[in-house]
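Novice:
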Amino acid sequence: MKIIFIFLVFSLTTASAQAGLDITAYENLTMVKSPVLSADGIPVAQNQIILFPSDFPERFEGLEAGKVYAFKSDFEFRAGTYSGYNHWRNELAKLAGYQQSSHVFNGKTELRYDATAWNLKSGPFWELINFSDAEGVIGPVVCKKIYKDFVRYADQAREHAENYFRESYDNWKKAFSMCAHDGAIVFH
Numbered sequence: 127m128k129i130i131f132i133f134l135v136f137s138l139t140t141a142s143a144q145a146g147l148d149i150t151a152y153e154n155l156t157m158v159k160s161p162v163l164s165a166d167g168i169p170v171a172q173n174q175i176i177l178f179p180s181d182f183p184e185r186f187e188g189l190e191a192g193k194v195y196a197f198k199s200d201f202e203f204r205a206g207t208y209s210g211y212n213h214w215r216n217e218l219a220k221l222a223g224y225q226q227s228s229h230v231f232n233g234k235t236e237l238r239y240d241a242t243a244w245n246l247k248s249g250p251f252w253e254l255i256n257f258s259d260a261e262g263v264i265g266p267v268v269c270k271k272i273y274k275d276f277v278r279y280a281d282q283a284r285e286h287a288e289n290y291f292r293e294s295y296d297n298w299k300k301a302f303s304m305c306a307h308d309g310a311i312v313f314h
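Here the sequence shown stands for residues 127 to 314, where the numbers follow the numbering used here.
#1: Where does the unbroken beta strand (DSSP E) through glycine 210 begin, and where does it stop?
#2: Could you give the DSSP three-state label for glycine 224: helix, strand or coil?
#3: Is valine 162 helix, strand or coil when you go by DSSP?
#4: Closest to glycine 75 by CA distance: which of Ile311, His229, Tyr224 is it?
#5: Between which two residues does the alpha helix (DSSP H) harbouring glutamate 293 extend?
#6: Tell me whether serine 294 is buried or exposed, calling it buried when 16 or more other Cβ atoms sit within 10 Å of its Cβ.
#7: Once the 5 residues before and after lysine 193 are set aside, which same chain residues still bring their CB inside 6 angstroms of it?
#8: May I ask you to list the residues that DSSP assigns as paired with alanine 196?
#9: Does the structure place the region 248-258 close enough to the region 275-283 that three or more beta carbon pairs sit under 8 angstroms?
#10: With a 10 Å radius around its C-beta and 16 neighbouring C-beta atoms as the bar for buried, classify arginine 238 as buried or exposed.
#11: Look at the Cβ atom of serine 209, then the Cβ atom of glutamate 261, and state whether they are nearer than 8 angstroms.
#12: At a cut-off of 7 angstroms, is aspartate 240 close to the ligand COA when judged by its beta-carbon and the heavy atoms of the ligand?
#13: Between the region 230-237 and the region 189-206, do three or more beta carbon pairs fall short of 8 angstroms?
#14: What is the residue span of the alpha helix (DSSP H) that isoleucine 272 lies within?
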């Protein structure tokens with residue numbers, strides 16, 4: 127019994143250590159008029175997906191919910207653990223010039239740059255900063271806008287002190303570059 131318990135604790139710890147945000151970018155989406163679906167409702171053909179909006183339906187602009195889309199290519203990367211991604215997102219807000227504001231998390235008040243963006247209605251990278259850190263879809267209209275922000279701030283990002291920030295910035299920039307061509311970014 128003791129061995130099983132230790133194995134269970136080890137398994138849960140290992141699974142928790144790998145929890146985080148994964149991103150898939152899809153390029154050149156075209157709606158499939160007559161898709162072939164499995165019994166589970168999943169497209170049978172390669173390079174096809176079904177997309178749905180999340181808690182941010184305005185980010186889904188340019189797509190139709192529940193439709194099957196074919197895509198030309200895709201790109202996947204790990205955005206980090208949830209806390210790592212939130213750190214990166216805060217640094218992105220700082221890079222974009224947002225001011226710090228108070229944010230209460232787990233009973234503690236901290237100053238954050240992204241908290242300021244959360245309370246606004248627009249700004250550089252706003253649609254990405256003010257978005258889920260777990261799941262959702264950003265459609266082609268918003269992807270084009272955010273990609274322009276990544277291009278605009280690329281020189282500043284290269285000067286950032288953290289290697290993790292620079293590498294993540296490059297991955298996000300690549301993803302938004304692809305999605306600016308009638309694509310979508312899926313958070314999962």
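Don't be surprised by glycine CBs; every beta carbon is placed ideally from N, CA and C. Just so you know, these numbers come straight off a predicted model, no measurement behind them.
Specialist: According to the structure shown:
#1: It is not in any beta strand (DSSP E) - glycine 210 instead sits in the alpha helix (DSSP H) that spans 208-221.
#2: A small fix is needed here, since residue 224 is tyrosine in this sequence, not glycine. Three-state result, tyrosine 224: coil.
#3: When secondary structure is reduced to three states using DSSP, valine 162 falls in the coil class, being assigned neither helix nor strand.
#4: This structure does not reach residue 75, given that the chain is present from 127 up to 314, and the question cannot be answered.
#5: 289-305
#6: buried
#7: Met157
#8: According to DSSP, which records beta bridges pairwise, alanine 196 is partnered with Thr156, Gln174.
#9: yes
#10: buried
#11: no
#12: Of the ligands one can find in the structure shown there are none, so the ligand COA has no counterpart to examine.
#13: no
#14: 266-278
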